[in-house]
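Visitor: Take this structure, written in structure tokens, and hold onto it; I'll ask about it next.
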Ligand SMILES: Cc1cc2nc3c(=O)[nH]c(=O)nc-3n(C[C@H](O)[C@H](O)[C@H](O)COP(=O)(O)OP(=O)(O)OC[C@H]3O[C@@H](n4cnc5c(N)ncnc54)[C@H](O)[C@@H]3O)c2cc1C
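Chains as they are written, first to last, in this note's numbering: chain A, 2 to 788; chain B, 4 to 270.
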């Protein structure tokens, strides 16, 4: 391993600009003649818009335009779409309601944009926005997803507010297996609604160029090409070649910046109408109402066990709250990203899952770090933990007994696990966590009035999203391959163009490491270009831990082509047969001789083209590739959480955390560890702190950091992070992906630990001190009666 | 934020005059309560009177058997003040538990007390130590100063200049942090002086900070956590919100009071 090659903990190249304040985020960009946009948003969860009077606002100082949904419709700007078709059990297609970028006729959630004020300054826009008079007729709000079917109908197309009633698996076989079970574990689970809260709020700048009749959108996107495709093909803003989308430095996304949002569409449209660049910067309060939320499932789940603890079957019935409109990928999250992972790390013969997706008068819900897989993992890992307790078995032993042990393994829910060693990660995690010493630690804690508990989460996820044919057959509107271009300059330095997008992942470092490793050049000589549809031909962006497994694979494929071409050039330079050229450590040699050419010389010769004729070889050294994966990848591992619960207050402190993950090949262990840390922090946030709360009228009462608790450093002990490695057999470097693992594994580990500590399973997320205290109170009341 | 005019007096008298002259003017101390609500356009004072240049508001002094803190002393400066740490360490803990370093280096004791947020920490210390709030006009006992949620005995043209805390033999503050805001979900300050035992509670009361007489009487018999066993406050009238029910807050008052007494005894 070289100091900067694959496997080296290279310091992040991009940090030079990020930590010195030199990053260029969308809000840092100012366009000549720029105006500022402010959205007037609905204060009602559900209401008819009787009238919008913009006359007074138009007259306010600095106002350039006040635009409404009616004008948007008159200009024939298309609706936002959900790009993944799901069919109900009865074969009917999902009920996608029209979603205009600015509401017209009615509003469906608090925060739904009703007008757009464009002014010279933000303060002027705010002043004018206060003068926009909207006459609402409030309607009954649907807030609780469990009651959505009986609630007031939100969209004409969706009777009973039902988007789809989907299922996966063989219900009959599952019922039969349950009938033969010796023990059945049953749980009701709430997977709490989360607000993504990326550090950088969303921003959009739309700029119309009348000279070329073209539009440019700067936005905080995880996938600028997909944004361009949707805004062009579905929304009809401009032909694809007349729309450029640039997503510069982006400060975190966690899924929430995948989607195509109303504000981006509205800024482009407003720019076209006003002839001025239009910039919108979300503030934090607005982000709570304008960014797609995550999770929000209600699930009843059951696991059937045989006499020896063997899992016979699993069934789950889930209500997924998709909010007021279907966001870009919302339909896929509680279906193909969820139910397909319900086998966990276990060999389960029969699985059946039903999912009802419903509309409610709340912010739209879509993918958030892990997307579906945290929900699945929580179901499976809670069931097995509780199952072990109910049957008086050791939870680690019960897991071990049921692990998938031979590969490839076909689950009853679509997935084919390709490689893994679940026992190895469990064993290593148990050693690091000193599970043997737990009983003593528990006794010691009890002496200090603390209840100590230990919880496992042996999770699996599907990353490397995804084989295009496979996702196409499941309803995806796009293919999920990735593209790369390797441009070698005449001096031998290299630019990598990728369709992935970095917003915290460190691609500029890891992608360069792969190239440095392959070409034997210093990583300083490599730069990574991404996030601009005028520079990179096409790409699918970054989410679902796909950039390593899919994005890097595309780079490797392009590097193969570059190397092949370079060998041809070297053969001419060294006057040898192409097949005799050997490329190693940045040098081309002729096998069995001492003739050699350095990488830089070959690059130069490729461009000056003095050593070969145009008939023999094209000049230049630049190759592109599209890589379409042949399977998902399956990162998996074991997290062990140890907590102390304060008996008097119910407060939980995490005292130890062990994570042993199998991510296949690791390009940069430091970056991977950082991803694991961040993932755990978000997972713990979900388990202990975070939860979007709506009141019965559909007001988001946890709408700021004063009420919505984000995890802080003080909530965590140092993490003990380890890895085991089974290479992914389906991609060239054996990469599985690591971006979401922590967030997927953590919630179940935390709740398993708390419930272990307090001896009650009645703990819902977020397990705040009050929640745990109540569970303790209840358990204490029940205990004497039971004894 | 809306536009406002800005004044920067250098004496208390000038500040008082400006207050008297401009209706709806607001004093600006650390700005860490006022500016956020102005940014959200929830407050729109037409005139701000900045106290940062006013003389004589920034000292921490030991005066006889009292610690006297100027209204403009920042939280961080109280937390690390030698006088306070030596003579009344429980008081140093209170600003030390406020917010984050940003807040502690900008927010002031005067601003905190004048604001009287029902979840703020300083009001518990003032009431729990029987402090005297000194203003441009008079001296107000803490018992009379905090009159309800975000309301105080201050008159419109009155400025807090100092807060005087009698030194207590034994005192301690226990704060149970609100998981999101970091303010006190419940905070209990207890103190024992020869003449006086005080238990003051913040965070829990719908009308802001309050004393728990039943606890004080029990502790007067014997200043020990055990004296509070079996005692609790009634949930009626306590805050009840998405973060904690009145019942849970009532429970925490008991737990934190016992812990505070235990801490105070250890000193
Ligand atoms: C993120 C954050 C976290 C926080 N966490 C906590 C916490 O954990 N605990 C806690 O107790 N507080 C907390 N606070 C509040 C913080 O302590 C404030 O600084 C304090 O409440 C107000 O002090 P200030 O100096 O900033 O006052 P300002 O915001 O300047 O003023 C507040 C009010 O007091 C008035 N005022 C100011 N000075 C005087 C005076 N001398 N005489 C009369 N009236 C005056 C002003 O006119 C205004 O109405 C937090 C604040 C923030 C922003």
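Glycine included, C-beta positions come from ideal geometry on N, C-alpha and C.
(1) Give me the subset of the segment 226 to 258 of chain B whose CB atoms are less than 8 Å from a CB atom of chain A, sorted by chain position.
(2) Using a beta-carbon distance below 8 Å, is residue 263 of chain B in contact with chain A?
(3) Would you say residue 179 of chain B faces chain A, with C-beta separation under 8 Å as the test?
(4) To the nearest angstrom, how far is the alpha carbon of residue 57 of chain B from that of residue 15 of chain B?
(5) Less than 6 Å between C-beta atoms, sequence neighbours within five positions excluded: which residues of the same chain meet that for residue 208 of chain A?
(6) Using a threshold of 8 Å, state whether the C-beta atoms of residue 322 of chain A and residue 359 of chain A are closer than that.
(7) Whole angstroms are fine: how far does the CA of residue 276 of chain A sit from the CA of residue 356 of chain A?
(8) Our contact map puts residue 298 of chain A next to residue 320 of chain A with C-beta atoms below 8 Å; I'd like the distance itself, whole angstroms only.
(9) Output the boundary residues of the beta strand (DSSP E) element that contains residue 460 of chain A.
(10) So residue 100 of chain B contacts chain A; which residues on that side make the cut at Cβ distance below 8 Å?
(11) Can you find a CB in chain B that lies within less than 8 Å of the CB of residue 703 of chain A?
(12) Check the Cβ of residue 363 of chain A against every Cβ in chain B and list those closer than 7 Å, keeping chain order.
(13) Name, please, each residue of chain B whose Cβ falls closer than 7 Å to the Cβ of residue 650 of chain A.
(14) With a threshold of 16 other CB atoms inside 10 Å of the CB of residue 97 of chain A, please say whether the residue is buried or exposed.
(15) Any idea if residue 224 of chain A is buried or exposed, counting beta-carbon neighbours within 10 angstroms, 16 or more meaning buried?
(16) Looking at residue 323 of chain A and ligand 1, is the gap between the Cβ and the nearest heavy atom below 7 Å?
(17) Does the beta-carbon of residue 372 of chain A have 16 or more other beta-carbons within 10 angstroms, so that it is buried, or is it exposed?
(18) Measuring from the CB of residue 39 of chain B, is there a heavy atom of ligand 2 at a distance below 7 Å?
(19) Assuming residue 687 of chain A and residue 193 of chain A are in contact, meaning their beta carbons sit under 8 Å apart, how far apart are those beta carbons, in whole angstroms?
(20) Answer with yes or no whether the minimum CB distance from residue 182 of chain B to chain D is below 8 Å.
(21) Is residue 80 of chain A a contact residue of ligand 1, with contact defined as CB to any heavy atom under 7 Å?
(22) Does any heavy atom of ligand 1 sit closer than 7 Å to the C-beta of residue 32 of chain B?
(23) Within the 8 Å Cβ cut-off, does residue 709 of chain A reach chain B?
(24) My output table needs one value for residue 13 of chain A: the three-state DSSP class, helix, strand or coil.
(25) Hey, is residue 678 of chain A close to ligand 1, as in C-beta under 7 Å from one of its heavy atoms?
(26) Strictly by DSSP, which residues pair up with residue 530 of chain A?
(27) Among A:118, A:423, A:18 and A:122, whose alpha-carbon lies nearest the alpha-carbon of residue 131 of chain A?
(28) Let me check you understand the geometry: is the CB of residue 714 of chain A closer than 7 Å to at least one non-hydrogen atom of ligand 1?
(29) Checking contacts by CB at 8 Å: is residue 771 of chain A closer than that to chain B?
(30) Just to confirm, is the Cβ distance from residue 67 of chain A to residue 36 of chain A under 8 Å?
(31) Quick one: using the 10 Å Cβ neighbour count with 16 as the cut-off for buried, is residue 226 of chain A buried or exposed?
(32) Considering only residues of the same chain and omitting the five flanking positions on each side of residue 369 of chain A, which have a CB-CB separation below 8 Å?
(33) Please state the DSSP three-state secondary structure of residue 739 of chain A.
(34) Just the Cα atoms here: how many angstroms apart are residue 697 of chain A and residue 184 of chain B?
(35) Should residue 495 of chain A and residue 487 of chain A be called a contact, given that it needs their Cβ atoms to be closer than 8 Å?
(36) Given that residue 191 of chain A touches chain B, what residues does it touch there, using C-beta distances under 7 Å?
Guide: So, from the data block:
(1) 245, 246, 247, 248, 251, 254, 255 and 258
(2) In the second chain, counting from the first residue as 1, residue 263 of chain B sits at position 260. Not closer than 8 Å to any Cβ of chain A, the Cβ of residue 263 of chain B fails to qualify, so no.
(3) Counting from 1 along the second chain, the entry for residue 179 of chain B is found at position 176. Yes, contact with chain A.
(4) Along the second chain, read from residue 1 onward, the residue named residue 57 of chain B stands at position 54. Along the second chain, read from residue 1 onward, the residue named residue 15 of chain B stands at position 12. Distance between the alpha carbons of residue 57 of chain B and residue 15 of chain B is about 6 Å.
(5) Numbered from 1 along the first chain, position 207 holds the residue referred to as residue 208 of chain A. Once the five neighbours on either side are set aside, the close Cβ partners of residue 208 of chain A are 32, 217, 272 and 278.
(6) Locating residue 322 of chain A in the first chain gives position 321, counting from the first residue. Locating residue 359 of chain A in the first chain gives position 358, counting from the first residue. In this structure, residue 359 of chain A lies closer than 8 Å to residue 322 of chain A by Cβ.
(7) As a first step, residue 356 of chain A must be located in the first chain, where it is residue number 355. As a first step, residue 276 of chain A must be located in the first chain, where it is residue number 275. Those two C-alpha atoms are separated by around 46 Å.
(8) Residue mapping note: residue 298 of chain A aligns to position 297 of the first chain, counting from 1. Residue mapping note: residue 320 of chain A aligns to position 319 of the first chain, counting from 1. Contact flag correct, Cβ pair sits at about 7 Å.
(9) Here residue 460 of chain A refers to the residue found at position 459 of the first chain. Per DSSP, residue 460 of chain A belongs to the beta strand (DSSP E) from 451 to 461.
(10) Counting from one through the second chain, the residue named residue 100 of chain B turns up at place 97. Going along chain A, no residue has its Cβ under 8 Å from residue 100 of chain B, so there is no contact; the nearest lies around 12 Å.
(11) As a position in the first chain, residue 703 of chain A is number 702, starting the count at 1. It does: the Cβ of residue 703 of chain A has a partner Cβ on chain B nearer than 8 Å.
(12) The residue labelled residue 363 of chain A in the question sits at position 362 within the first chain. Correct list: empty, because the minimum Cβ distance to chain B is about 15 Å.
(13) Position 649 of the first chain, counted from the start, is the residue given in the question as residue 650 of chain A. Correct list: 179, 255 and 258.
(14) In the first chain, counting from the first residue as 1, residue 97 of chain A sits at position 96. Per the 10 Å Cβ criterion, buried.
(15) As a first step, residue 224 of chain A is located in the first chain; it is residue number 223 there, counting from the start. Buried, since its Cβ has 16 or more Cβ neighbours within 10 Å.
(16) Sequence index remark: in the first chain, residue 323 of chain A carries index 322 (1-based). Every heavy atom of ligand 1 is 7 Å or more from the Cβ of residue 323 of chain A, so no.
(17) Residue mapping note: residue 372 of chain A aligns to position 371 of the first chain, counting from 1. Taking all protein chains in view, the Cβ of residue 372 of chain A is crowded by 16 or more other Cβ atoms within 10 Å, so the residue is classified as buried.
(18) Of the ligands one can find in the structure shown, namely ligand 1, none is ligand 2.
(19) Residue mapping note: residue 687 of chain A aligns to position 686 of the first chain, counting from 1. Residue mapping note: residue 193 of chain A aligns to position 192 of the first chain, counting from 1. Rounded, the Cβ-Cβ distance is 6 Å, consistent with contact.
(20) Judged by its chain identifiers, the structure shown contains no chain D, and its protein chains are A and B.
(21) Along the first chain, one-based indexing puts residue 80 of chain A at 79. Incorrect: residue 80 of chain A has no Cβ contact closer than 7 Å to ligand 1.
(22) The residue given as residue 32 of chain B occupies position 29 in the second chain. Flag set: Cβ of residue 32 of chain B near ligand 1.
(23) Mapped onto the first chain, residue 709 of chain A falls at position 708. Yes, contact with chain B.
(24) On the first chain, position 12 is the one that residue 13 of chain A refers to. Looking at residue 13 of chain A - three-state DSSP - the assignment turns out to be coil, as it is neither helix nor strand.
(25) Along the first chain, one-based indexing puts residue 678 of chain A at 677. Outside the cutoff, so no.
(26) If you number the first chain from 1, residue 530 of chain A lands on position 529. Looking at the DSSP assignment, residue 530 of chain A forms a beta bridge with A:498.
(27) Walking along the first chain from the start, residue 131 of chain A turns up at place 130. The shortest Cα separation from residue 131 of chain A among A:118, A:423, A:18 and A:122 belongs to A:118.
(28) The residue labelled residue 714 of chain A in the question sits at position 713 within the first chain. No; taking the cut-off as 7 Å, the Cβ of residue 714 of chain A has no heavy atom of ligand 1 nearer than that.
(29) Position 770 of the first chain holds residue 771 of chain A. Cβ-Cβ to chain B under 8 Å: yes for residue 771 of chain A.
(30) Here residue 67 of chain A is taken as the residue at index 66 of the first chain, counted from 1. Here residue 36 of chain A is taken as the residue at index 35 of the first chain, counted from 1. In this structure, residue 36 of chain A does not lie closer than 8 Å to residue 67 of chain A by Cβ.
(31) Here the question's residue 226 of chain A lines up with position 225 in the first chain. By the neighbour-count rule (16 or more Cβ atoms within 10 Å), residue 226 of chain A is buried.
(32) Along the first chain, one-based indexing puts residue 369 of chain A at 368. The answer, listed in chain order, is 195, 197, 255, 256, 257, 293, 294, 295 and 296.
(33) One-based indexing of the first chain puts residue 739 of chain A at position 738. The answer is coil: DSSP assigns residue 739 of chain A none of H, G, I, E or B.
(34) Indexing the first chain from 1 puts residue 697 of chain A at position 696. Indexing the second chain from 1 puts residue 184 of chain B at position 181. So the alpha carbons of these two residues sit roughly 23 Å apart.
(35) Within the first chain, residue 495 of chain A is the residue found at index 494, counting from 1. Within the first chain, residue 487 of chain A is the residue found at index 486, counting from 1. A contact, by the Cβ cut-off of 8 Å.
(36) Walking along the first chain from the start, residue 191 of chain A turns up at place 190. Under the 7 Å cutoff, chain B gives no residues; its nearest Cβ is about 15 Å from residue 191 of chain A.
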